[in-house]
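For reference, the structure discussed in these notes is given below.
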Amino acid sequence: MVKVGVIGLGTGGITFISEIRRLRVPCEIFLFEKRGLKVFHPCSIPEALEGKIELQSLIEPFGLSGITFMGQAREVDPYSLSVGFENNGSIGKVSLDFVFVATGGDVVLPSKNFFKATKYDDVEKIKQLLPGAKRIGIVGAGILGLELASALSVYPIQIEIFEAKDHILPELIDRGLSEKLLKKIDRKNVFFNFGRFVNDISGFDIVIFCTGFKPVSPLPFEIRVDEYMRVIDPRSGKPFDRIFAAGDCITYDFKIPRVATIAAEQARIAARNIKMIVQGNQPEEKYELFVAPVLVKAFSYEVGKVGRIHKPSDLQKFYLDLKVLPFDERKIHIYAELDKNGIIYELQAFCDLRSEVRHIIDISYISMKKMISVSDIRRFELSYQPEVCKFPDPVTSFAEFVSRRLGIL
Ligand SMILES: Cc1cc2nc3c(=O)[nH]c(=O)nc-3n(C[C@H](O)[C@H](O)[C@H](O)COP(=O)(O)OP(=O)(O)OC[C@H]3O[C@@H](n4cnc5c(N)ncnc54)[C@H](O)[C@@H]3O)c2cc1C
Numbered sequence: 034m035v036k037v038g039v040i041g042l043g044t045g046g047i048t049f050i051s052e053i054r055r056l057r058v059p060c061e062i063f064l065f066e067k068r069g070l071k072v073f074h075p076c077s078i079p080e081a082l083e084g085k086i087e088l089q090s091l092i093e094p095f096g097l098s099g100i101t102f103m104g105q106a107r108e109v110d111p112y113s114l115s116v117g118f119e120n121n122g123s124i125g126k127v128s129l130d131f132v133f134v135a136t137g138g139d140v141v142l143p144s145k146n147f148f149k150a151t152k153y154d155d156v157e158k159i160k161q162l163l164p165g166a167k168r169i170g171i172v173g174a175g176i177l178g179l180e181l182a183s184a185l186s187v188y189p190i191q192i193e194i195f196e197a198k199d200h201i202l203p204e205l206i207d208r209g210l211s212e213k214l215l216k217k218i219d220r221k222n223v224f225f226n227f228g229r230f231v232n233d234i235s236g237f238d239i240v241i242f243c244t245g246f247k248p249v250s251p252l253p254f255e256i257r258v259d260e261y262m263r264v265i266d267p268r269s270g271k272p273f274d275r276i277f278a279a280g281d282c283i284t285y286d287f288k289i290p291r292v293a294t295i296a297a298e299q300a301r302i303a304a305r306n307i308k309m310i311v312q313g314n315q316p317e318e319k320y321e322l323f324v325a326p327v328l329v330k331a332f333s334y335e336v337g338k339v340g341r342i343h344k345p346s347d348l349q350k351f352y353l354d355l356k357v358l359p360f361d362e363r364k365i366h367i368y369a370e371l372d373k374n375g376i377i378y379e380l381q382a383f384c385d386l387r388s389e390v391r392h393i394i395d396i397s398y399i400s401m402k403k404m405i406s407v408s409d410i411r412r413f414e415l416s417y418q419p420e421v422c423k424f425p426d427p428v429t430s431f432a433e434f435v436s437r438r439l440g441i442l
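FYI, the numbering for the sequence shown is 34 to 442, going by my numbering.
The structure is reproduced here in structure tokens:
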């Protein structure tokens, strides 16, 4: 039996534990979590603020048995593979065979007067202040800022959003699509201020900073990983054999959305590679630097993105508006980038029909992973489309449009 330390019981930690158990890796799990043996669901914070669900339902007791709970990890020595911890005031140290780190990220506040909407305590305080609030400032029009503004806009409160860049969702979608989306947001109590970098702000009852996550590392350095999700030793530039990481705690040299889908995928890869090592093999499973499907649900729209981090230079870029259903005026707005062979490199979409955006993003994701070109997608779609159907579905239209554009047909 090997001893595996799991630091952080968020998306990455839970996924890792389930995967390592599913794979039946003969191991003893030592769990480190600073908030106790509880699971917290941050993705539903906007719904809790909107009043759709109870705030308390975001926290659940952890159900898996047979795991040794160690408390908060205080320090990790990557060279001796030991973790120093604190549990109810007592401290200790444990030596392990493997360490998996998924300690997430945190929003850095410029002052204590402001809030972040990532922690339970802050969200609880925001909820208490809501009944007396007239004006709320939200700093950052990224995924989090937009979802929060959307959730809070159901109250009779003026919401002002401050964004340093010149459009909404600047790290997620292209400017053209952002502008189209912005025009469709018709809440009378929501105001956008672009091109304003905000560090201090007054005149608001509540100010929430949604300015991006800073990775949290329990190691004595920033966490960077190789393609097998092994942590890299900054001294040697080589990976540690037995320390893995996943999710928001990782520092990248490029922009990557901080989302649960990526943390979960990386955690599964780390678990599979640990299994390989326990069996006496080399790690094999690689994490492709993909932007996994990212979906934002705000102002009654769903916005999705999927893409690769490293792109070839000769890409074709275009916008496409697809009719969603026959006899329906709604359209999915799409921005896509393809190489000259019709392989999709990036796809962004938004619409007020959620299932359709998901459908397009999911198909694109699988296509990208399997290197399927748009003309292949078209053939596949046409093969099961009933001949009597006069109206092609959005994916077929998308594939056909792109194929024609590329001169592949
Ligand atoms: C409001 C909000 C809404 C979101 N909505 C979505 C969404 O709709 N879709 C989506 O895909 N993503 C969403 N996300 C992002 C998603 O929640 C994160 O990307 C994901 O949870 C990251 O997983 P993780 O395992 O890296 O970190 P986390 O899930 O943050 O887990 C980290 C854990 O480590 C613990 N920890 C930290 N330091 C220590 C230590 N020293 N010792 C022990 N434990 C420690 C923390 O207490 C925490 O439990 C949202 C995030 C927020 C805040």
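Ideal Cβ placement from N, Cα and C applies to all residues, glycine included.
Predicted, not measured: the structure shown is a model, and the values here were computed from it.
Within 7 Å: the Cβ of residue 294 and any heavy atom of ligand 1?
-> Flag set: Cβ of residue 294 near ligand 1.
Identify every residue that forms a DSSP beta bridge with residue 191.
-> Beta-bridge pairing links residue 191 to 168.
Between residue 339 and chain C, is there a C-beta pair that is closer than 8 Å?
-> In summary, chain C is missing from the structure at hand, where a single protein chain is found.
By DSSP, does residue 155 sit in helix, in strand, or in coil?
-> Residue 155: helix per DSSP, three-state reduction.
Consult DSSP for residue 337 and reduce its assignment to one of helix, strand or coil.
-> Assignment of residue 337 by DSSP, reduced to helix, strand and coil, places it in the strand class.
Between 128, 351 and 84, which lies nearest to residue 164 when the distance is taken from Cα to Cα?
-> With distances taken between CA atoms, residue 164 lies nearest to 84 out of 128, 351 and 84.
Straight-line gap, residue 429 to residue 411 (C-alpha atoms, nearest Å) | Inter-residue distance for residue 429 and residue 411 is about 5 Å (C-alpha atoms, whole angstroms).
Can you give me the start and stop residues for the beta strand (DSSP E) that residue 437 sits inside?
-> Boundaries for residue 437: no beta strand (DSSP E) harbours it, while the alpha helix (DSSP H) harbouring it runs 427-439, taken from the DSSP string.
Taking the alpha-carbon positions, what's the residue 443 to residue 49 distance?
-> Since the first residue shown for the chain is 34 and the last is 442, residue 443 is missing from the structure and cannot be characterised.
Are the beta-carbon atoms belonging to residue 159 and residue 179 less than 8 Å from one another?
-> With a cutoff of 8 Å on beta-carbon distance, residue 159 and residue 179 are scored as not near each other.
Any non-hydrogen atom of ligand 1 within 7 Å of residue 446 CB = Residue numbering for the chain in the displayed model covers 34 to 442; residue 446 lies beyond these limits and cannot be assessed.
When the distance is taken between beta carbons, is residue 205 closer than 8 Å to residue 176?
-> Contact: yes.
Using the rule of at least 16 other Cβ atoms within 10 Å of the residue's Cβ for burial, across every protein chain shown, is residue 141 buried or exposed?
-> Under this definition residue 141 is an exposed residue.
Report all residues from its chain with a CB closer than 6 Å to the CB of residue 104; omit the five preceding and five following residues, and keep chain order.
-> For residue 104, where only same-chain residues beyond five positions count, the Cβ hits under 6 Å are 118, 119 and 120.
Assign residue 76 to one of three DSSP states: helix, strand, or coil.
-> Three-state DSSP puts residue 76 in a helix.
Among residues of its own chain, excluding the 5 on either side of residue 259, which ones have a beta-carbon nearer than 7 Å to its beta-carbon?
-> Excluding sequence neighbours, residue 259 sits near 265 and 272.
Under 7 Å from any heavy atom of ligand 1, does the C-beta of residue 179 make it?
-> Residue 179 has its CB no nearer than 7 Å to any heavy atom of ligand 1.
Terminal residues of the continuous beta strand (DSSP E) containing residue 312?
-> Counted as a single uninterrupted DSSP element, the stretch harbouring residue 312 is not any beta strand (DSSP E), since DSSP gives it neither H nor E.
What does a CB cutoff of less than 6 Å around residue 394 pick up in its chain, not counting 5 residues either side in sequence?
-> Result list for residue 394: 326, 337 and 339, in chain order.
Have a look at residue 166 and residue 301 and give me their C-alpha separation to the nearest angstrom.
-> So the two alpha carbons sit approximately 43 Å from each other.
Measuring from the CB of residue 73, is there a heavy atom of ligand 1 at a distance below 7 Å?
-> At least one heavy atom of ligand 1 is nearer than 7 Å to the Cβ of residue 73, so yes.
C-alpha distance - residue 309 paired with residue 361, whole-angstrom precision = Taking the straight line joining both Cα atoms gives about 52 Å.
Taking 8 Å as the cut-off, decide whether the C-beta atoms of residue 367 and residue 401 are in contact.
-> Contact: no.
Limits of the unbroken beta strand (DSSP E) element including residue 393 | In this chain, residue 393 is not harboured by any beta strand (DSSP E); it is covered by the alpha helix (DSSP H) spanning 387-402.
Any idea which residues DSSP pairs residue 203 with across the strands?
-> None, per the DSSP bridge assignment.
Reference residue 275, options 248, 331, 99 and 311, closest by Cα | The residue with the shortest Cα to Cα distance from residue 275 is 311.
Give every residue of the same chain whose Cβ lies closer than 7 Å to the Cβ of residue 332, excluding the five residues on either side of it in the sequence, and list them in chain order.
-> So the qualifying residues of the chain are 183, 218 and 220.
Distance between residue 346 and residue 318 (C-alpha atoms, nearest Å) = Roughly 27 Å between the two C-alpha positions.
With DSSP collapsed to three states, give me the class of residue 304.
-> Correct three-state label for residue 304: helix.
Where the alpha helix (DSSP H) containing residue 133 begins and where it ends | Residue 133: not part of any alpha helix (DSSP H); member of the beta strand (DSSP E) spanning 131-134, first to last residue.
Just tell me which of 162, 196 and 195 has its CA closest to the CA of residue 188.
-> Looking at the Cα atoms, 162 is the closest of the given residues.
Are the beta-carbon atoms belonging to residue 350 and residue 370 less than 8 Å from one another?
-> Going by C-beta atoms, residue 350 is nearer than 8 Å to residue 370.
Using DSSP with H/G/I as helix, E/B as strand and the rest coil, what is residue 407?
-> Reduced to three states, the DSSP call for residue 407 is helix.
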